[in-house]
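The structure under discussion appears below in the form of structure tokens.
Number of protein chains: 2
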Amino acid sequence: MSNKKYGHFDDQSREYVITDPCTPWPWINYLGNEDFFSLISNTAGGYSFYKDAKFRRITRYRYNNVPMDNGGRYFYIKDGDTVWNPGWKPCKTPLDFYECRHGMSYTRITSRKDGIEAGVLFFVPLKSWCEVQKLTLTNTTDAVRRLQLFSFEEWCLWNAATDMENFQRNFSTGEVEIEGSVIYHKTEYRERRNHYAFYSVNTPIDGYDTDRETFVGLYNGFDAPDAVMEGRPRNSHAHGWSPIASHYIEVELQPGESRDFIFVLGYVENAQEEKFIAPQVINKEKAKAAIALYDTTEKVDAAFQALNEYWDRLLDIYVVDTGNDKLDRMVNIWNQYQCMVTFNMSRSASFFESGIGRGMGFRDSNQDLVGFVHQIPERARQRIIDIASTQFPDGGCYHQYQPLTKRGNNDIGGGFNDDPCWLIFGTVAYIKETGDFSILDELVPFDNQPGSEVPLMEHLRVSFDHVVNNLGPHCLPLIGRADWNDCLNLNCFSWDPNESFQTTENKTEGSKAESLMIAGLFVVTGNEYIALCRRVGEEEEAERASKHVAEMVEAVKRDGWDGEWYLRAYDYYGRKIGSKENEEAQIFIESQGWCSGEGPRLCEGTSGMRARHRTQQSRLHQVCL
Amino acid sequence: MSNKKYGHFDDQSREYVITDPCTPWPWINYLGNEDFFSLISNTAGGYSFYKDAKFRRITRYRYNNVPMDNGGRYFYIKDGDTVWNPGWKPCKTPLDFYECRHGMSYTRITSRKDGIEAGVLFFVPLKSWCEVQKLTLTNTTDAVRRLQLFSFEEWCLWNAATDMENFQRNFSTGEVEIEGSVIYHKTEYRERRNHYAFYSVNTPIDGYDTDRETFVGLYNGFDAPDAVMEGRPRNSHAHGWSPIASHYIEVELQPGESRDFIFVLGYVENAQEEKFIAPQVINKEKAKAAIALYDTTEKVDAAFQALNEYWDRLLDIYVVDTGNDKLDRMVNIWNQYQCMVTFNMSRSASFFESGIGRGMGFRDSNQDLVGFVHQIPERARQRIIDIASTQFPDGGCYHQYQPLTKRGNNDIGGGFNDDPCWLIFGTVAYIKETGDFSILDELVPFDNQPGSEVPLMEHLRVSFDHVVNNLGPHCLPLIGRADWNDCLNLNCFSWDPNESFQTTENKTEGSKAESLMIAGLFVVTGNEYIALCRRVGEEEEAERASKHVAEMVEAVKRDGWDGEWYLRAYDYYGRKIGSKENEEAQIFIESQGWCSGEGPRLCEGTSGMRARHRTQQSRLHQVCL
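In the order they appear, the protein sequences are chains A and B.
Mapping the first sequence onto numbering that gives the first Met the number 0, position 333 (from 1) lands on 332, and the numbers just tick up by one.
Mapping the second sequence onto numbering that gives the first Met the number 0, position 232 (from 1) lands on 231, and the numbers just tick up by one.
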């Protein structure tokens, strides 16, 4: 790699500024904070979804494509014979200026070509189900300029998995409606679906396209769509095949004139009985209401202002001033921002996670919680309850749950025996931050079964006992499918090349595979659990738990210590893993970290720093158990 | 559509000749006749797999991409500043001549540019696990010409489904070895897999690439790979990310000189104990043996000749001479060819079937059998046994089975109640063609369970009885999930937008949904079954079956006839479907066809034509039951 600079941090604006579109890989941002999310790269590639990247994919994206990151929300500006995009891609026409600013839940791309400046602000307004794209075209020259503008979005047929697989079906289902400047994606809405999407612009249009093949052509790529190259929209109406949404607008700009075009990509759900206003004519009321919220520059600027203030508030809660710019930047801006993104997505969607193979992780969401609980305690509280609701009565867990349904899913396998401890970890972190012990009294079901509700405190107890009830021959915790190291699958012996390590049968029956990492995690979270029991007056339970923790400490000392370091595990046959006796893999970090003390004391974590932890939100006060 | 001609039939050569690469959609051919298969478009797009398009995908393909059909086996010829492909794509450099000939299990593409002719013959030799690509470069000018030649294949990471989904994993697994002129794709071979692939050329190479990103670049497409555009291979060695195989050869051609380059794309399986010859060094013995079979023009021409003779034999068995060229062409060449392709793939892979969502159909394979049984009776016999082996003891069926494992799979749902009848249909068709009653004595298991074997005749009986035992209120067959019309799902009521019609719960409990199509099919195949019983001396069973068929005929007459036509079905609630009483969907073709007589009498099907049915293979004689 060269020492080439691709960009820099702008701490004042809390932005990362990319000045060369040819980054070594797409550099992406996440838009959206509640239900509607978008991934956007520095060249405007990416996609949008509602709540669930698998089951409610709104726009289509092709992972691992050639070229990489080929597909997104594209604006084509045709200026005579020159066609260019504000984000450089997909045309890759050389620009006179390019800049992409990834900010807090927004991305702003600005570029110039032949005296025309194009700025696009992308963001998902708070409490909205849409992505707003404010395109500003400015004529910086002394001459009148006439441009042809094409927008472009490609619809996904809702389920991102089958969208890639079942073409016998997919190519027959696409449906759109076009009304005024709004293109509606109503595929499958006629039958089982009660939701549609739309793409609008706040100005009359001079044409449109909704059929991809007609717009792009068979032999061209996104870099040279037929309709754009010829400067002539086809006004195509998709029936099946691949529906898209492209607006066509003829733009005349006086010298110095600047003009905003506000595009809205939105999602709507209708009640079953309100789906249609006439045969085959969908009920557009909610779409029109959403569009009306952002149909002027003033309204968009106000919504953007509200988003900025939201982030100001979030990031103002916890601020350090260490004297080290880089540390301050990481702690005060980017790490907290990243934690919020993780809260929203739990790593289910990125440019490496396709949004298909997994949902929200039981372990992940609990451990990530530490990073955002101070920012959004109410939502952290709900998250804990959602997670706990997928737990089984014996304390065992689905390893994932689907964000749309909040139901556990076993696609990726269950029985990761560290999972239960993480519920204690997350709940304790929440209470320490908020002092809200009332969460322990919340009635939470098992496996989402109505009637099975018990107080959350009881979930913590079964979590604790899941370890106690699943000990191996050395009285250390059985590992189950795996622990923190998902790939340490000690009970899998498949020689079948078609089986994934995560879904192959887990030979736990008769297994002696034990995990020192879980042992350490159990001692850390067990001590937290004991302290919690004492705080809420459950002295007897604290006593009971203390004995188990003490026994675990003894077991670790007796059979988990190799003389110089902690073992990592015992395998299926009871042989040591992570021992100096091993020829390979002699030492692992996980067991050293978790066993080497009582683990991170969360409430002391920041004491050494000049931290400003704002308590203006009165419910926020750190509690030491 | 215009009247533009894209190509024509060449009956003498049994080829379809495409003369314009810009066909309205990719026009494809299928290579391979036993285990190794390739799909190839008229521009050399497509992919290869071993037996199973899902579980053993060898090269990567992106369905529904932009541009369409973007990816395949590509040769790049760099001639000074001009880069072109024999198949026009992906560079789309205008050619002086282009022709693609799709023949019987082979495709030959010939093109010319600036005095260089490039001909490529693609085929899968008989009894081989590889695709041979014979590239012939000819200098038709008076000057010495120096060319740079790059080959290109992109490896799929074996499982075509997860290859598109799990990048956290995929980008970390790719592994290759390069030895001489052979590039080995050994991803996951170290652990659970016992198979690898290779891509070779029969000449020393001047360079190579195995890492896609290095070869193509991030921002270019297949139409302009960095390495090719710069005329400089990178000799990249893939570790993870996307492994590819590209050879680089510097070619000098004297005036008039012609030179062959033979590329082989192959697949190898090794026994567990023979996987390696040294740590991390794979056992290449079988690959080298396969390459040696095709390392000269003479050997390749001989293998191609053998393939041609194979097809001559197959198509010589049944020939009509109707005086109508188009009918003869269809019956004598293309329909029989298509039937063989269907035998091989059962529609599991095409440019509309991604090869992922389905395997071989229980119904499909039985009904398709009629089309190829006269060509390959031994293989038809095996197919019937394979299919029957997936049947349940009560006669019910998986709707699909996976070609790699020959095990039934329920991914797409089961309980299509017409399925069992099709086993009778297929078996009877086989016996009529071959006179081989011994198939009825073959011991065939249920659901592949060892120990459950019964004679195939018993499978026919449970098939027959599956209808008898699943009658509805009108004594007509319950439809189950669906019948011949997969989409007529009368027992599905999901309002859940995430459920597919094929996997949603089928409310068969208490259902009154009956199918007239199955009723008709049952009468047709039931009568065949009765005749078969009589032929093998099972008079009592024939009597028993006759009563059930007679009762079905009565039921159809009584409750299936609408006065003017046959109903299609009764729905879940017992209401008529396909009746003049209905407001919509008053008549369906399926029930008219199957109920209107005793169905197609297979042994009379060709009697009106001057058909030449060669019986030189003595086992072939049409039998009337």
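Cβ atoms here follow ideal geometry from the backbone N, Cα and C, with glycine treated the same way.
From a predicted model like this one, the values you see are computed outputs, not experimental measurements.
| Check | Outcome |
| --- | --- |
| Integer-rounded CB distance, given that G31/B should sit under 8 angstroms from S625/B | With chain B represented from 0 up to 624, any question about residue 625/B goes unanswered, as that position is not in the structure. |
| Cβ separation of P232/A and G206/A, assumed to be a contact under 8 angstroms, to the nearest whole Å | 3 angstroms |
| Three-state secondary structure (DSSP) of V467/A | helix |
| With 16 other Cβ atoms within 10 Å as the buried cut-off, status of L601/B | Residue confidence for L601/B is low, a pLDDT of 31 falling below 50, so the modelled location carries little weight and cannot support an answer. |
| 8 angstroms Cβ cutoff met for I332/B and L313/B | no |
| Between the CA atoms of I355/A and A289/A - distance to the nearest angstrom | 28 angstroms |
| CB contact check: P66/B to chain E, cutoff 8 angstroms | Absent from the structure: chain E. Protein chains present are A and B. |
| Beta carbon of R59/A nearer than 8 angstroms to that of G70/A | yes |
| Interface residues of chain A facing E352/B [CB-CB closer than 8 angstroms] | F166, Q167 |
| Secondary structure of S171/B, DSSP reduced to three states | coil |
| Cβ separation of G179/A and A237/A, assumed to be a contact under 8 angstroms, to the nearest whole Å | 17 angstroms between Cβ atoms; not a contact. |
| Simplified DSSP state of N28/B, which is helix, strand or coil | strand |
| Within 8 angstroms, strictly: CB atoms of Y188/B and K274/B | yes |
| CB-CB length for K133/A against V123/A, believed under 8 angstroms | So it is not a contact: roughly 13 angstroms between Cβ atoms. |
| Inter-residue spacing [alpha-carbon to alpha-carbon] between R480/B and K53/A | 26 angstroms |
| With 16 other Cβ atoms within 10 Å as the buried cut-off, status of S40/A | buried |
| Buried versus exposed, by CB contacts within 10 Å (16 or more), Y625/B | The structure shown does not extend to residue 625/B, since chain B is modelled only from 0 to 624, so the question has no answer here. |
| Residue-level contact to chain B via CB, K91/A, 8 angstroms cutoff | yes |
| Coil, strand or helix - H101/A by DSSP | strand |
| Beta carbon of A518/A nearer than 8 angstroms to that of G471/A | no |
| 8 angstroms Cβ cut-off: residues of chain A touching W24/B | L217 |
| Per-residue burial, Q656/A [other beta carbons within 10 Å of its own, 16 or more giving buried] | For residue 656/A there is no data in the structure shown, the boundaries of chain A being 0 and 624. |
| First through last residue of the beta strand (DSSP E) which encompasses Q147/B | 144 to 157 |
| Residue-level contact to chain B via CB, R189/A, 8 angstroms cutoff | no |
| Under 7 angstroms (Cβ pairs) to chain A, residues found in the stretch 49 to 75 of chain B | F54, R61, Y62, N63, N64, V65, P66, M67 |
| 8 angstroms Cβ cutoff met for K556/B and L566/B | no |
| The stretch 276 to 285 of chain A in contact with the stretch 157 to 172 of chain A per 3-pair CB rule at 8 angstroms | no |
| Collapsed DSSP secondary structure at V535/A in the structure displayed | coil |
| Within-8 angstroms CB hit, C155/A to chain B | no |
| Whether N365/B touches I386/B by CB criterion (8 angstroms) | yes |
| Any chain A beta carbon closer than 8 angstroms to I355/B | yes |
| K633/A: first and last residue of the uninterrupted alpha helix (DSSP H) it sits in | No information on residue 633/A is available, as it lies outside the stretch 0 to 624 that chain A covers here. |
| Boundaries (first-last residue) of the alpha helix (DSSP H) holding T81/B | Careful: T81/B lies outside any alpha helix (DSSP H), inside the beta strand (DSSP E) at 81 to 83. |
| Neighbour list for S493/A in chain B, Cβ cutoff strictly below 7 angstroms | R191 |
| Beta-carbon contacts of E190/A that lie in its chain and below 8 angstroms, excluding the five residues immediately before and after | none |
| Rounded straight-line distance, which links the Cα of Q390/A to that of V467/A | 17 angstroms |
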